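Using UniProt numbering, read the sequence shown as starting at 1 and increasing by one per residue. We treat Cβ as the ideally placed atom computed from N, Cα and C, and that holds for glycine. This structure is a prediction, so every number in the text was calculated from the model and none was measured.
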Amino acid sequence: MVNTRGTISKAAGEKADGKKVAVGESSGGQKKLSSTSLTSKDYKAILDKMPFVGTRYPDIPTMVELGIYEDCAALFEHMELTKLMTTPYPAYQKETVSLLSTLKVNFYEPDEVTPTGHGSGRFSFRVNKKKYRMSFRDLEGVFGFQNREGRAEASDVPQAELQGFWKMIGIGEYKSTTAKSTHIRNPVLRYVHKALAHTVYARRDFGNVLERELELLDSSMVDRLVTLDDGMAMRGDLTDTSMATYLLRSFLGIRDYALMLEKVGKAGSGQISCGGLITPILIHCGIELGKPTAGPVLMDVKYLRKTTYIRGQPVGGRHNYQFAYRAFEWNLAGVLLPNRELTDITERENVDFEPPFVSLYDHTIGAQQPAEWEVPPQADGAEEAVGNTSDDDLPTAYEPHRFFFDDHEINGRKSAANTALASINTLKSWNAFQDKTIKSLLKTVKKMAKQIKELTGAQSKSRNSSSTQQDAQQRTPQKEQQSNEQEGAQSTYQSAQSSRKRKASSSPDTSSSRDDRTSSSSSDS
Numbered sequence: 001m002v003n004t005r006g007t008i009s010k011a012a013g014e015k016a017d018g019k020k021v022a023v024g025e026s027s028g029g030q031k032k033l034s035s036t037s038l039t040s041k042d043y044k045a046i047l048d049k050m051p052f053v054g055t056r057y058p059d060i061p062t063m064v065e066l067g068i069y070e071d072c073a074a075l076f077e078h079m080e081l082t083k084l085m086t087t088p089y090p091a092y093q094k095e096t097v098s099l100l101s102t103l104k105v106n107f108y109e110p111d112e113v114t115p116t117g118h119g120s121g122r123f124s125f126r127v128n129k130k131k132y133r134m135s136f137r138d139l140e141g142v143f144g145f146q147n148r149e150g151r152a153e154a155s156d157v158p159q160a161e162l163q164g165f166w167k168m169i170g171i172g173e174y175k176s177t178t179a180k181s182t183h184i185r186n187p188v189l190r191y192v193h194k195a196l197a198h199t200v201y202a203r204r205d206f207g208n209v210l211e212r213e214l215e216l217l218d219s220s221m222v223d224r225l226v227t228l229d230d231g232m233a234m235r236g237d238l239t240d241t242s243m244a245t246y247l248l249r250s251f252l253g254i255r256d257y258a259l260m261l262e263k264v265g266k267a268g269s270g271q272i273s274c275g276g277l278i279t280p281i282l283i284h285c286g287i288e289l290g291k292p293t294a295g296p297v298l299m300d301v302k303y304l305r306k307t308t309y310i311r312g313q314p315v316g317g318r319h320n321y322q323f324a325y326r327a328f329e330w331n332l333a334g335v336l337l338p339n340r341e342l343t344d345i346t347e348r349e350n351v352d353f354e355p356p357f358v359s360l361y362d363h364t365i366g367a368q369q370p371a372e373w374e375v376p377p378q379a380d381g382a383e384e385a386v387g388n389t390s391d392d393d394l395p396t397a398y399e400p401h402r403f404f405f406d407d408h409e410i411n412g413r414k415s416a417a418n419t420a421l422a423s424i425n426t427l428k429s430w431n432a433f434q435d436k437t438i439k440s441l442l443k444t445v446k447k448m449a450k451q452i453k454e455l456t457g458a459q460s461k462s463r464n465s466s467s468t469q470q471d472a473q474q475r476t477p478q479k480e481q482q483s484n485e486q487e488g489a490q491s492t493y494q495s496a497q498s499s500r501k502r503k504a505s506s507s508p509d510t511s512s513s514r515d516d517r518t519s520s521s522s523s524d525s
């Protein structure tokens, strides 16, 4: 820690100490704040009204899961933010508010004579009634920033370059009041912007893309893009400004933000989320810390889903990333992540993020999955659900010619985009027509199967009945024949018996003499 005050100019002294607050009486007898800066006690009173939350950091497992970790890590390294982004710290409310309310920063003037080893400035603050002093060089060591001597108060990225860069990565003309984080189409650049907004600039409302955030993104992409789409050579920020300058200006900006809310009576609607960045400074100064007020929070999948970065639940282990699609007139489209082939920012066409139509994901019908990805199994009962279709869902006449694309001569980019959109709408109509046709076909096949089953059952019953009747008919003549034969035999037997009886009754004498002769023969013997 450096305690040397060094030489300070009059202008730098005014910037560091600030002017005393002017407090007047309003017509209603209430105190009102002027536009001048406040004392440390006034700032503390305002900051104490604001909710205190943990700092949100990038989440490495989530970046790996989305397939964007390598690119995000490369950009963080180029911005000198690797240590800051990958080392989450808890936050301490009392110490953070004390530092912010008493912070005085001396940004050295370009022509100012300063002690060696300070870098481009120094700052001081009080915690627990004790004053601490640090140089910019000390702060660079705490966060792993490069030692820089630039003394410019702001970046000097040309406006034309910022506009051209935004045209590549966003939508339309860049204006800080209208440019949104959701307008950044490449998932790597959008995630990095969110990380900048949550950490270095500790913003609650990160929806807009501030100019200083766009400047950092632009400078980090100079080596990869070299030129813009219109051929302009990119130069980035040439002021050699230290990241310590950006960080300290952010801390001062939090006080200005608190003052703005206090003036409109809404200090309680803001929040302080920079505590995780102040904790390393407190540790460096040897300040004894107690129990943290808030732990670090992460830019994880749950957070990304809440902020519409991704939509819905994972599909086969992949996430539905949402972005504005030029061919849809900047309406939302989706693509499944990870997909390094589409998101790798070392490929120029991926920075101007416009994936081919076949790679888009439609959550209503699924995506054209690569072979290596497992397609989720169809839910039980899905086939039956398709069959339950009313007659109103039946398709109209086939007429395939109504789905043919019209020949179109491309005269410009806008015309080509409109043609692509019309073709896409035609494809959607074709898909809807196919859905109805397939549903109708399934319904017809189901009915036919039922009819065939009923017909087969009826034929089987008829066949069994005919066989039974035929057997009965065959058995009836046989019984009649057997009965006739039995009756014939009985009749013959009865006739023979009757004939013998008649003969016996008609010749009794003959029978007697035969008997007498038989008896006589027996006596003689």
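task: Could you tell me which residues DSSP puts in a beta bridge with Tyr108?
output: Looking at the DSSP output, Tyr108 shares a beta bridge with no other residue.
message: Does Ile68 come out as helix, strand or coil in the three-state DSSP assignment?
response: In the structure shown, Ile68 sits in coil (DSSP, three-state: anything other than H, G, I, E or B).
Exercise for the section: Might you give, ordered along the chain, the residues of its own chain that have their beta carbon closer than 7 Å to the beta carbon of Asn147, omitting 5 neighbours on each side? Expected result: If you ignore the 5 residues before and after Asn147, its C-beta comes within less than 7 Å of the C-beta of Gly119, Arg137 and Glu140, all in its own chain and listed in chain order.
**Asked** Are the beta-carbon atoms of Ala267 and Lys49 separated by less than 8 Å?
**Response** Yes, the Cβ-Cβ distance between Ala267 and Lys49 is below 8 Å.
Q.
One question on the structure: do Asp229 and Met134 come within less than 8 Å of each other, judged by their Cβ atoms?
A. One thing to note: Asp229 has its Cβ no nearer than 8 Å to the Cβ of Met134.
- Where the alpha helix (DSSP H) containing Val157 begins and where it ends: Membership of Val157 in any alpha helix (DSSP H) is not indicated, and neither H nor E is assigned to it by DSSP.
Q. For Val264, is the classification buried or exposed, using 16 other Cβ atoms within 10 angstroms of its Cβ as the cut-off for buried?
A. Exposed: under 16 other Cβ atoms inside 10 Å.
Quiz item: Nearest CA to the CA of Asp300: which residue from Ile68, Ala45, Pro51 and Lys44?
Solution: For the residues Ile68, Ala45, Pro51 and Lys44, the minimum Cα distance to Asp300 belongs to Ile68.
Helix, strand or coil at Asp516 according to DSSP, with G and I counted as helix: Residue confidence for Asp516 is low, a pLDDT of 46 falling below 50, so the modelled location carries little weight; the figure read from the coordinates is stated next. Here DSSP, grouped into helix, strand and coil, assigns Asp516 to helix.
_Per DSSP, the bridge partner or partners of Lys180_ = Asn208, per the DSSP bridge assignment.
Q) To which residues of the same chain is Asn320 closer than 7 Å at the C-beta, ignoring the five residues directly before and after it? A) Excluding positions up to five away in sequence, the list reads Ile310, Arg311, Gly312, Gly334, Leu336, Tyr361 and His363.
- Query: Is Lys83 closer than 8 Å to Phe123 when the C-beta atoms are compared?
  - Reply: In this structure, Lys83 does not lie closer than 8 Å to Phe123 by Cβ.
Exercise. Should the region 288-307 be called in touch with the region 150-160, which here means at least 3 C-beta pairs below 8 Å?
Worked result: For the pair of segments examined, the region 288-307 was found not to touch the region 150-160: the number of CB pairs separated by less than 8 Å stays below three.
Please give the ranges of any beta strand (DSSP E) in the region 308-359, keeping only runs that are unbroken, at least 3 residues long and fully inside the region. Taking only runs of at least 3 residues, the beta strand (DSSP E) segments lying wholly in the region 308-359 are 310-315, 318-325 and 331-337.
Worksheet item: With 16 as the cutoff for other CB atoms within 10 Å, does Pro110 come out buried or exposed?
Response: Looking at its Cβ environment, which holds fewer than 16 other Cβ atoms inside 10 Å, Pro110 is exposed.
(message) So, for Ala160: in the same chain, excluding its five sequence neighbours on each side, which residues have a beta-carbon less than 7 Å away from its beta-carbon?
(response) If we look at Ala160 and ignore the five residues flanking it on each side, its Cβ neighbours are Met232.
Could you tell me the alpha carbon to alpha carbon distance between Ala367 and Ile424, rounded to whole angstroms? Caution is warranted here: a pLDDT of 47 is assigned to Ala367, below 50, making its placement in the model unreliable, and the coordinate value is therefore given only provisionally. Ala367 and Ile424 have their C-alpha atoms spaced approximately 15 Å apart.
### Query
Nearest chain D C-beta to Arg126 closer than 8 Å, yes or no?
In the displayed structure, chain D is absent; only one protein chain is listed.
| message | Closest to Glu215 by C-alpha separation, out of Met243, Arg203 and Asp205, would be which residue? | response | With distances taken between CA atoms, Glu215 lies nearest to Met243 out of Met243, Arg203 and Asp205.
For Met260, the three-state DSSP class (helix, strand or coil): Residue state, collapsed to three classes: helix.
Practice prompt. Return the chain-ordered list of same chain residues with a C-beta closer than 8 Å to the C-beta of Gly29, the five sequence neighbours on each side being excluded.
Written response: Its pLDDT being 43, under 50, Gly29 is placed unreliably in this model, and the coordinates cannot settle the point.
Where the alpha helix (DSSP H) through Leu228 begins and ends:
Looking at the DSSP string, Leu228 is not in any alpha helix (DSSP H), and its letter there is neither H nor E.
Only counting the same chain, and skipping five residues up and downstream in sequence, which positions put a Cβ closer than 7 Å to that of Thr346? In chain order, Arg224 place their CB closer than 7 Å to the CB of Thr346, counting only its own chain and leaving out the 5 sequence neighbours on each side.
*Considering only the beta carbon of each residue, do Arg204 and Gln271 sit closer than 8 Å?*
With a cutoff of 8 Å on beta-carbon distance, Arg204 and Gln271 are scored as near each other.
> Is it true that the CB of Val127 sits closer than 8 Å to the CB of Ile287?
Replying inline: Yes. Within cutoff.
Checklist entry - So is Gly121 buried or exposed if we call it buried at 16+ other beta carbons inside 10 Å? => result By the 10 Å Cβ count, Gly121 comes out buried.
Item checked: Integer-rounded CB distance, given that Leu47 should sit under 8 Å from Phe251 -> The pair is not a contact, with the Cβ atoms about 11 Å apart (cut-off 8 Å).
### Task
Return yes when the Cβ of His193 is within less than 8 Å of the Cβ of Ser176, no when it is not.
Cβ distance not < 8 Å, so Ser176 and His193 don't count as in contact.
* Asked: If you run the structure through DSSP and keep just helix, strand and coil, what is Pro58?
  -> Annotated three-state conformation of Pro58 is strand, per DSSP.
Query - Endpoints, beta strand (DSSP E) assigned at Tyr132 - result: Annotation: the continuous beta strand (DSSP E) that includes Tyr132 extends over Lys130 to Ser135.
| Measuring CA to CA, which of Ala45, Arg151 and Glu454 is closest to Val113? | The residue among Ala45, Arg151 and Glu454 with its C-alpha nearest the C-alpha of Val113 is Arg151.
Reference Val107, options Gly275, Trp166 and Tyr246, closest by Cα = The sequence shown places Phe at residue 107, not Val. Taking Phe107 as reference, the option from Gly275, Trp166 and Tyr246 with the minimal CA-CA separation is Tyr246.
Original post:
Once you ignore the five residues that flank Val97 on each side, which residues in its own chain have a CB closer than 7 Å to its CB?
Top reply: Result list for Val97: Lys44, Leu47 and Asp48, in chain order.
>> Please list the terminal residues of the continuous alpha helix (DSSP H) segment that includes Val97.
In response: Val97 -> alpha helix (DSSP H) spans Gln93 to Thr102.
Exercise. Of the choices Ile171, Leu196, Lys428 and Gly457, whose alpha-carbon is the least far from that of Glu329?
Worked result: With distances taken between Cα atoms, Glu329 lies closest to Ile171.
_Own chain residues within Cβ distance below 7 Å of Phe206, not counting five before or after_ = Only residues of its own chain outside the window of five on either side were considered, and among them Ser181, Lys194, Ala197 and His198 have a CB closer than 7 Å to the CB of Phe206, listed in chain order.
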